[in-house]
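Structure first, commentary second.
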């Protein structure tokens, strides 16, 4: 009987990594095709990321997903980078080409937009979007958000200079992106507020203005957990029309990675529904 496993090893790399659903997601994608996949979550020390990646590919590894805090370093070590990764300055995807070169891409933005427009059914066309946070996660999704046609993207951060710096990287290419401190969140109204910080992982909430109204706006947290995140509860308390966490984004970006590695685009809707249902019974 022929081996039903996809050849080679795959992994998601981060620090921390114990919370990752990526192995479950990719195993489910492979099962849709009647196959198995060797995909693991790997905790890598902060000072050994580049060495670890080199050893992984030297020993026959096929592909990696990259999560916090290594996305910028993954981009820097690659031999070739996609236009998406170049615009983001960060990579969440690596693969080894036949000639041994390491190729980087960024599937985060596609995953986010697919979940917002397809999963949630929210239009981004001509909207005013507020993004909280100015780190690698936010940097990685701005290109895809801009392609969806919003009227404005305003980035706020507790360190205003970081938000302004990130916005300035786009100033010469797209005047729709601006940035400032957290107080600037009051300059709405916004149609969509995206939390791109990792505060929810520790049960905390970004220090947004208490007076900030969200009536009829949507709230999206790029993080996910066992239940509603602090940001989601905060948004609901301020009149948000609907809220959503980043579980769908995780599955959608994983689907793009799976396709780029293996040439098959999996069904995401059924898996997202299954994961949400399982989470509700935990």
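Residue numbers (my numbering): 5 to 286.
Note that CB positions come from ideal geometry on N, CA and C, so glycine has one too.
In this text the structure is predicted, and so the values were computed from the model without any measurement.
- Query: With burial defined as no fewer than 16 other Cβ atoms inside 10 Å of the residue's Cβ, what is the status of residue 6: buried or exposed?
  - Reply: Translated into positions along the chain shown, residue 6 becomes position 2. Residue confidence for residue 6 is low, a pLDDT of 41 falling below 50, so the modelled location carries little weight; the figure read from the coordinates is stated next. Sixteen is the threshold: since fewer than 16 other Cβ atoms of the shown chains lie within 10 Å of the Cβ of residue 6, the residue is exposed.
- Taking C-beta to C-beta, are residue 255 and residue 224 nearer than 9 Å? Reading the chain shown from its first residue, position 251 is the one you call residue 255. Reading the chain shown from its first residue, position 220 is the one you call residue 224. Result no, Cβ atoms of residue 255 and residue 224 do not sit closer than 9 Å.
- Message: Less than 6 Å between C-beta atoms, sequence neighbours within five positions excluded: which residues of the same chain meet that for residue 194?
- Response: As a working mapping, residue 194 is identified with position 190 in the chain shown. If we look at residue 194 and ignore the five residues flanking it on each side, its Cβ neighbours are 132, 134 and 221.
- Message: Quick test of the definition: if touching needs 3 or more C-beta pairs under 8 Å, does the stretch 133-148 touch the stretch 161-179?
- Response: yes
- Task: May I have a chain-ordered list of the alpha helix (DSSP H) segments no shorter than 4 residues that lie completely inside the stretch 34-80?
- Result: Listed in chain order, the complete alpha helix (DSSP H) runs (minimum 4 residues) inside the stretch 34-80 are 53-62.
- Query: Whose CA, out of 258, 16 and 163, lies closest to the CA of residue 273?
  - Reply: By one-based count along the chain shown, residue 273 stands at place 269. Checking every option, the nearest Cα to that of residue 273 belongs to 258.
- Beta-carbon proximity of residue 109 to residue 264, cut-off 9 Å: Here residue 109 is taken as the residue at index 105 of the chain shown, counted from 1. Here residue 264 is taken as the residue at index 260 of the chain shown, counted from 1. For residue 109 and residue 264, yes; Cβs fall inside 9 Å.
- Query: How long is the line joining the alpha carbons of residue 102 and residue 51, rounded to whole angstroms?
  - Reply: On the chain shown, position 98 is the one that residue 102 refers to. On the chain shown, position 47 is the one that residue 51 refers to. Cα to Cα, residue 102 sits roughly 28 Å from residue 51.
- Item | Cβ neighbour criterion (16 or more within 10 Å) applied to residue 279 | Here residue 279 is taken as the residue at index 275 of the chain shown, counted from 1. Label assigned to residue 279: buried.
- Message: Rounding to the nearest angstrom, what Cα-Cα distance links residue 31 and residue 183 in this structure?
- Response: Here residue 31 refers to the residue found at position 27 of the chain shown. Here residue 183 refers to the residue found at position 179 of the chain shown. Roughly 39 Å separates the two Cα atoms.
- Item | Inter-stretch contact at 8 Å, needing at least 3 Cβ pairs: the stretch 118-130 / the stretch 89-106 | no
- Query: If you run the structure through DSSP and keep just helix, strand and coil, what is residue 232?
  - Reply: Counting from one through the chain shown, the residue named residue 232 turns up at place 228. Residue 232: coil per DSSP, three-state reduction.
- When burial is assigned at 16 or more other CB atoms within 10 Å of the CB, is residue 248 buried or exposed? For the purposes of this step, residue 248 is taken as the residue at position 244 of the chain shown. So residue 248 counts as buried.
- Query: In this structure, does DSSP put residue 170 in helix, strand or coil?
  - Reply: Your numbering for residue 170 matches position 166 in the chain shown. Three-state result, residue 170: helix.
- Item | Residue closest to residue 314, alpha-carbon to alpha-carbon, out of 226, 26 and 239 | Since the displayed the chain opens at 5 and closes at 286, residue 314 lies outside it and no answer follows.
- Query: How is residue 108 classed by DSSP in three states: helix, strand or coil?
  - Reply: Your numbering for residue 108 matches position 104 in the chain shown. DSSP places residue 108 in strand when its eight states are reduced to three.
- Where residue 75 falls, given that 16 or more other Cβ within 10 Å makes a residue buried: By one-based count along the chain shown, residue 75 stands at place 71. Residue 75 comes out buried.
- Contacts around residue 83, its chain only, beta-carbon distance under 6 Å, and the 5 residues preceding and following it disregarded: Here residue 83 corresponds to residue number 79 of the chain shown, with the count starting at 1. Once the five neighbours on either side are set aside, the close Cβ partners of residue 83 are 105 and 106.
- Task: State yes or no: is the C-beta of residue 71 within less than 9 Å of the C-beta of residue 113?
- Result: By 1-based counting over the chain shown, the position of residue 71 is 67. By 1-based counting over the chain shown, the position of residue 113 is 109. Not in contact: residue 71 and residue 113 (Cβ atoms no closer than 9 Å).
- Could you pull the start and end residues of the alpha helix (DSSP H) that residue 25 belongs to? As a working note, residue 25 is residue 21 in the chain shown. From DSSP, residue 25 is part of no alpha helix (DSSP H); its letter is neither H nor E.
- Nearest-angstrom Cβ-Cβ length linking residue 235 and residue 204, presumed shorter than 8 Å: Translated into positions along the chain shown, residue 235 becomes position 231. Translated into positions along the chain shown, residue 204 becomes position 200. The pair is a contact, with the Cβ atoms about 6 Å apart (cut-off 8 Å).
- Task: Could you check the C-alpha separation between residue 230 and residue 284 for me, to the nearest Å?
- Result: Position 226 of the chain shown, counted from the start, is the residue given in the question as residue 230. Position 280 of the chain shown, counted from the start, is the residue given in the question as residue 284. Their backbone Cα atoms lie some 8 Å apart in a straight line.
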